[in-house]
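Worksheet: the structure to be examined is printed underneath.
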Amino acid sequence: MSLFSRSSSKRDLPPARRRVNVAEWHYLAMLAPLLVFVVVIAIYPLSFSFFISFHDYRLTDPTQTKTFVGIANYLAAASDPVVARALGNTLIFVAGTVILEIGVGLGLALLLAAETPLMTVIRSFLLIPMAIPPLVVGLVWKSLYNADFGVIPYYLKQLGISVGHGPLGEPATAMAALILVDLWQWSPLLMVIFLAGLKSLPREPFEAAVVDGASRWGTFVNLTLPMLQPVFLVGLLLRTMQSFKVFDIVYATTAGGPGSATTVLNFHIYTVGMTFFDMGYAAALANILFVVVAVLAAIYVAVLQRQQI
Amino acid sequence: MNANQVSRRLTMAIATLSLIVGGCVPATTQAPPATEAPQASPTSAQPYAGVKLTLASMTDQYIAGFRYLIPKFQEETGIEVTLDELGYTDLYQKLTADFVGQTANYDLMTVDIVWSGEFAANQYTHPLDDFMARDSAALKMDDIMPVAWTLGEWEGKHWAYPLAGYANVLNYRKDVLAAAGIEPPKTQEELLAAAQALTNPDGSMYGIVMLGAKGSAVAQDYMVWVQQEGGTILDADGKPALNTAENVQILEYFGELFKYNPPGATDYWWDQRETAFRSGQAAMMEGWSIARAGYEDPAISSVVGKVDITFAPVKSGVDAKYGFGGWGIGINADSDQQKKEAAWEFIKWLTSPEIQKEWMLHDGAPIRRSTLTDPELVAKFPWLPTLLTSFENGDGDYRPRIPQYSIIQDALGTAVNGYLVGEMTAQDALDAAQAQVEAALK
Amino acid sequence: MRTSRLEKVLLNVAVLLVIAFFMLPVFWLLTTAFKYGRDAFAIPPRWLFFEFTLDNFKNVLETTRVDRFLLNSVIISAGATLLSLLLGVPAGYAVSRARTRLLNGSAYFFLLLLMVPPIAMLIPFYLIMRDLDLLGTYRAVIILDTVFDASFVVWMMRSYFLDVPQEMEEAALVDGASHFQSFRQVALPIAMPGVVASALYCVIFSWNDFLFALLLTSPATKTMPLGILASFSAAQIDWARMAVLCLFAIAPAVVVSLFLNRYFVQGLTMGATK
Chain A
0 MSLFSRSSSK RDLPPARRRV NVAEWHYLAM LAPLLVFVVV IAIYPLSFSF FISFHDYRLT
60 DPTQTKTFVG IANYLAAASD PVVARALGNT LIFVAGTVIL EIGVGLGLAL LLAAETPLMT
120 VIRSFLLIPM AIPPLVVGLV WKSLYNADFG VIPYYLKQLG ISVGHGPLGE PATAMAALIL
180 VDLWQWSPLL MVIFLAGLKS LPREPFEAAV VDGASRWGTF VNLTLPMLQP VFLVGLLLRT
240 MQSFKVFDIV YATTAGGPGS ATTVLNFHIY TVGMTFFDMG YAAALANILF VVVAVLAAIY
300 VAVLQRQQI
Chain B
0 MNANQVSRRL TMAIATLSLI VGGCVPATTQ APPATEAPQA SPTSAQPYAG VKLTLASMTD
60 QYIAGFRYLI PKFQEETGIE VTLDELGYTD LYQKLTADFV GQTANYDLMT VDIVWSGEFA
120 ANQYTHPLDD FMARDSAALK MDDIMPVAWT LGEWEGKHWA YPLAGYANVL NYRKDVLAAA
180 GIEPPKTQEE LLAAAQALTN PDGSMYGIVM LGAKGSAVAQ DYMVWVQQEG GTILDADGKP
240 ALNTAENVQI LEYFGELFKY NPPGATDYWW DQRETAFRSG QAAMMEGWSI ARAGYEDPAI
300 SSVVGKVDIT FAPVKSGVDA KYGFGGWGIG INADSDQQKK EAAWEFIKWL TSPEIQKEWM
360 LHDGAPIRRS TLTDPELVAK FPWLPTLLTS FENGDGDYRP RIPQYSIIQD ALGTAVNGYL
420 VGEMTAQDAL DAAQAQVEAA LK
Chain C
0 MRTSRLEKVL LNVAVLLVIA FFMLPVFWLL TTAFKYGRDA FAIPPRWLFF EFTLDNFKNV
60 LETTRVDRFL LNSVIISAGA TLLSLLLGVP AGYAVSRART RLLNGSAYFF LLLLMVPPIA
120 MLIPFYLIMR DLDLLGTYRA VIILDTVFDA SFVVWMMRSY FLDVPQEMEE AALVDGASHF
180 QSFRQVALPI AMPGVVASAL YCVIFSWNDF LFALLLTSPA TKTMPLGILA SFSAAQIDWA
240 RMAVLCLFAI APAVVVSLFL NRYFVQGLTM GATK
């Protein structure tokens with residue numbers, strides 16, 4: 000009781016304050032089921048992962064010994080050039096995919112917003128890329144990109160563009176090619192998010208703008224975009240977090256190659272954990288990745304919420 | 000319909016459905032056709048009737064053999080085997096999870112030759128030596144090709160039983176070679192010369208196609224060439240020695256061969272290499288013998304009738320040894336005793352000479368001498384004699400089956416690919432790999 | 000506002016380009032499913048005129064329990080989605096409206112959950128499910144998927160609810176409605192497009208998941224992605240088979256999205272009747 004009010008008796012409070020207190024309890028009731036559910040299920044794995052990063056633990060060790068090593072895993076990560084490269088690649092990938100997908104997603108939402116049967120059908124078909132498991136998407140694109148019998152290089156060669164080892168095989172283009180694959184699969188998701196946002200917007204401000212003679216572009220920049228801010232934040236945030244965790248398409252297309260051009264951190268974690276079964280080091284890397292994402296997310300939230308009124 | 004009604008109906012629907020689906024699906028959460036009581040009861044003829052086993056199998060070509068033979072096994076013994084088909088990486092992960100978690104979801108599993116040491120060291124599978132000693136008469140073990148025992152043997156014990164033997168052979172287009180007047184290469188030197196001669200500058204034909212993709216693909220291909228060039232990646236004490244001068248030279252030779260590959264080969268996994276050969280883009284390809292039958296299948300091959308195989312060439316002066324690989328079949332160490340016995344029945348049955356013939360006729364791969372020399376089979380698969388000789392001189396250890404194999408494979412996989420795409424010199428690449436392996440094995 | 004002729008043409012071209020880009024790989028899958036394996040990668044590529052065959056479909060249907068995989072995928076996706084919505088939508092509302100730091104700050108807890116690479120939690124999850132004797136059941140995967148899906152739903156719905164003007168709810172409260180009723184009868188209908196979008200996301204995420212399904216399902220509860228991945232052997236990928244399985248996996252997604260699209264329209268008209 001004392002968490003929410005200073006007075007022990009509800010009757011003494013002015014009506015508004017009383018309503019606020021009751022409200023908070025109702026909100027708690029609505030929040031509690033999920034909170035309990037998540038905490039019960041996830042608390043052990045989360046704390047285990049944190050705990051194990053300070054130990055040396057090989058999954059396949061028959062005795063399953065966990066030796067405490069303090070921050071040795073973290074120090075090893077800091078001095079490992081592969082980790083540094085992986086982190087750099089990850090940041091490039093995230094920046095590329097998020098920026099492009101937000102742009103393309105918004106564009107698609109605007110382009111296909113009409114409620115005609117045709118648009119409805121087109122939008123439904125655009126959801127197909129998301130329905131395909133990312134691993135399969137990677138394999139399909141790997142075939143399409145194949146330098147020798149893939150469809151894309153075939154047409155590129157017709158246009159006179161040399162492809163060398165192929166878009167995924169050339170260190171210079173591999174990352175870009177990978178970003179395109181991710182773009183293909185996930186832009187429609189952003190389209191859905193923005194579309195839902197656009198359709199939830201109230202009509203009055205727009206009607207008023209028309210009456211005031213505002214231009215379409217002006218309305219868009221000064222009215223639509225700001226009102227979509229919460230949606231932007233969500234789209235940006237969630238896509239960023241997903242992008243940091245990218246794994247399947249890297250695994251299917253390049254396995255982190257050529258060389259280490261597309262080795263992203265989550266993929267490296269997988270290699271360490273599932274190929275070497277060095278769970279302590281993998282957990283440490285996972286925590287590092289987590290911190291990077293958390294910091295970035297905090298920045299997003301701070302910047303965008305400050306802009307909100 | 001107004002907002003209230005929509006909202007109310009939606010809530011009701013969500014609540015009802017989630018109750019049904021989320022919470023109360025007890026009846027269908029377990030395997031539906033399974034019943035608790037055994038289907039049949041044991042008899043003296045069928046002592047294990049009614050036992051249920053689960054087999055995890057790789058989806059290599061021999062899976063067709065499993066699909067065909069399992070119902071026959073059930074008829075004969077009353078033992079029910081459920082087949083779970085898995086791809087390479089999921090197989091490895093599911094098996095590891097099953098072993099580490101000691102959940103015994105799988106009683107039988109296909110075991111890649113390179114996992115022998117790892118499974119032995121961690122005692123994942125049940126050592127079969129007692130079973131083998133007990134039933135040695137029925138097993139006719141001298142008929143099994145000696146090299147085939149590497150499919151599960153480690154340090155004197157058997158952790159898996161031979162299931163499917165593959166020989167590394169050289170596949171080549173007899174039409175293309177004949178047109179260019181070239182004999183099938185017998186040595187690595189001849190191989191390089193042939194690859195060069197058969198590569199057309201306009202890209203319509205490449206001399207040879209190999210595996211270059213980062214990871215297990217390029218690592219295993221490189222290891223094949225190390226063996227063929229007479230080198231080794233382990234030193235005299237069995238410790239990894241990746242960056243010897245000899246291995247650096249071999250890596251450079253490997254890179255030289257890549258010049259006569261289709262440009263995309265630096266990114267090729269097995270399936271792409273197969274596609275390149277099957278679609279007629281490359282004149283030669285080293286690969287596992289099990290793929291040979293596929294070239295005669297018009298549904299998947301554009302080179303029907305144009306392919307022949309010969310021994311994988313070694314460097315002149317090097318002892319003729321041919322890469323051997325394949326799969327064993329193991330029994331889960333955590334399964335209960337009755338299931339282990341039943342599983343052993345399956346293994347005995349499957350690997351018996353009579354059933355091996357059926358196995359071969361349904362896309363299986365051989366392990367027995369009798370199978371490789373059977374007149375009917377040789378008539379159908381004329382390359383069996385080549386396989387026989389390859390097996391007789393087979394080397395199952397060119398990819399060290401040591402417990403730390405995956406670490407070596409990963410290190411080489413990154414280094415060799417890095418060299419092929421020009422990221423580092425051969426020496427630097429192998430130095431990096433050696434450093435990585437030493438750090439991981441500390 | 001009028002759109003000029005030129006604008007109309009440009010927009011149509013844009014739509015065509017969009018369709019071409021997004022449908023190219025799908026179309027490739029479609030044609031590959033009906034081609035013989037040897038033609039899958041024929042050069043030059045044959046888009047329209049190729050040897051048609053139904054053998055791949057026959058082969059897949061004879062050797063794989065596609066119906067079982069689809070059913071399992073549907074059960075798990077539906078279960079996870081419904082559970083996530085049931086838990087997540089009210090929670091999203093609560094964190095959007097709550098004034099206390101503790102309550103609206105708990106949203107960040109869910110955000111944190113979404114930031115953890117799943118790989119780090121894989122083995123502990125497996126061990127929990129083993130100890131709870133839930134390995135191989137639908138519930139195990141549904142529960143795990145819900146943990147992540149619901150966290151996503153909370154964040155999605157939080158932003159949509161923030162967009163719902165509070166005046167309407169204030170009015171309802173003054174009229175004597177409880178907070179819960181205000182939620183259900185006022186806020187929820189307006190934010191319905193958001194609910195639909197969240198539902199779509201949950202369905203997609205659970206449908207495509209292969210990591211959790213890989214570790215937690217048994218052969219009887221195997222889902223479509225695992226079925227597709229079985230075409231992946233060390234020596235070759237059976238493209239024809241994979242293409243056929245992918246088509247089976249895609250069809251329900253298209254159906255679901257067509258179905259859900261109607262609720263988009265509902266939401267639109269809801270907003271207009273304020």
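Residue numbers (numbering that gives the first Met the number 0), protein chains in the order written: chain A, 0 to 308; chain B, 0 to 441; chain C, 0 to 273. No residue lacks a Cβ here, since even glycine has one placed at the ideal position from N, Cα and C. Remember, predicted model here, so these are calculated numbers, not experimental data.
query: Proximal residues of chain B, C-beta to C-beta of C:PHE49 below 7 Å; result: Here the premise fails: no neighbours, minimum Cβ distance about 13 Å.
query: Three-state class that DSSP yields for B:LEU52 in the structure shown; result: strand
query: Selected residue, minimal CA-CA separation from A:ILE121, among C:ILE75, C:VAL153, C:LEU16; result: C:LEU16
query: Per DSSP, cross-strand counterpart(s) of A:LYS65; result: A:TYR56
query: A:ALA130 beta carbon less than 8 Å from that of C:ILE203; result: yes
query: CA nearest to the CA of A:VAL162, picked from B:LEU371, B:GLY202, B:ASP362; result: B:GLY202
query: C:PRO192, enclosing alpha helix (DSSP H) - first and last residue; result: 191-207
query: Residues near B:ALA332 in its chain [Cβ-Cβ closer than 7 Å; skip 5 each side]; result: GLN122, TYR123, THR124, HIS125
query: Members of the segment 253-269 of chain A near chain B, C-beta cut-off 9 Å; result: THR253, ALA254, GLY255, GLY256, PRO257, GLY258, SER259, ALA260, THR262
query: Neighbouring residues, chain A, relative to C:LEU5 (Cβ below 8 Å); result: Near C:LEU5 there are no residues of chain A at all, since even the closest Cβ is about 15 Å away, more than 8 Å.
query: Alpha carbon of B:PRO155 to alpha carbon of B:TRP148, nearest angstrom; result: Position check: residue 155 of chain B holds Gly in this sequence, whereas Pro was assumed. Computed Cα separation, rounded: 10 Å.
query: Closer than 8 Å to chain A by CB, C:VAL65; result: no
query: Chain B contact residues for C:TYR125, given Cβ-Cβ distances below 8 Å; result: ALA96, GLY100
query: Within chain C, the residues that B:ARG277 reaches when beta carbons sit closer than 8 Å; result: ARG37
query: Range of the contiguous beta strand (DSSP E) that encloses B:ASP201; result: Careful: B:ASP201 lies outside any beta strand (DSSP E) and carries neither H nor E.
query: Helix, strand or coil at B:TYR165 according to DSSP, with G and I counted as helix; result: strand
query: Under 8 Å from the C-beta of C:PHE11: neighbouring residues of chain A; result: Per the sequence shown, residue 11 of chain C should be read as Asn rather than Phe. Per Cβ cutoff of 8 Å: no residues; C:ASN11 is ~10 Å from chain A at best.
query: Contact set between the segment 74-87 of chain B and chain C, restricted to residues whose Cβ is under 7 Å from the partner; result: THR81, ASP83, GLU84, LEU85, GLY86, TYR87
query: Residues of the segment 148-173 of chain C with Cβ closer than 8 Å to any Cβ of chain A, in chain order; result: ALA149, SER150, PHE151, VAL153, TRP154, MET155, ARG157, SER158, TYR159, LEU161, ASP162, VAL163, PRO164, LEU172
query: Neighbour flag for A:LEU167 against chain B, beta carbons, 8 Å; result: yes
query: Where the beta strand (DSSP E) through B:GLU79 begins and ends; result: 79-85
query: Chain B contacts from the segment 132-153 of chain A (Cβ-Cβ distance under 7 Å); result: ASN145, ALA146, ASP147, PHE148
query: Residues bridged to B:ILE308 (per DSSP); result: B:ASN170
query: CB-CB length for B:ALA282 against B:LEU176, believed under 8 Å; result: 7 Å
query: Whole-angstrom distance between A:HIS25 and B:ASP270, CA atom to CA atom; result: 58 Å
query: Where the segment 271-294 of chain A meets chain B: residues whose CB sits under 7 Å from a CB there; result: MET273, THR274, PHE275
query: DSSP state of B:PHE323 mapped onto helix, strand, coil; result: strand
query: Every unbroken alpha helix (DSSP H) within the segment 111-143 of chain B, with a cutoff of 4 residues, ordered by chain; result: 115-121, 128-133, 135-138
query: B:THR27 (DSSP reduced to helix, strand or coil); result: Low confidence applies here, because B:THR27 scores a pLDDT of 36, under 50, leaving its location unreliable and the question unanswered by this model.
query: Partners in chain C for A:LEU42, counting only beta-carbon separations shorter than 9 Å; result: Looking at the sequence provided, one finds Ile at residue 42 of chain A rather than Leu. Chain C residues near A:ILE42: none, gap ~10 Å exceeds 9 Å.
query: Chain A within 8 Å of C:THR30, Cβ atoms only; result: no
query: Below-8 Å beta-carbon distance, B:ASP266 vs any chain A residue; result: yes
query: Within the segment 22-70 of chain C, ranges of the alpha helix (DSSP H) (whole runs, at least 4 residues); result: 54-62
query: Contact list for B:ASP422 against chain A, beta-carbon separation under 9 Å; result: The displayed chain sequence assigns Glu, not Asp, to residue 422 of chain B. Chain A residues near B:GLU422: PRO170, PRO257, GLY258, SER259, ALA260.
query: Rounded separation between C:ASN11 and C:ILE227 - CA only; result: 36 Å
query: Neighbouring residues, chain C, relative to A:PRO204 (Cβ below 8 Å); result: Correct list: empty, because the minimum Cβ distance to chain C is about 11 Å.
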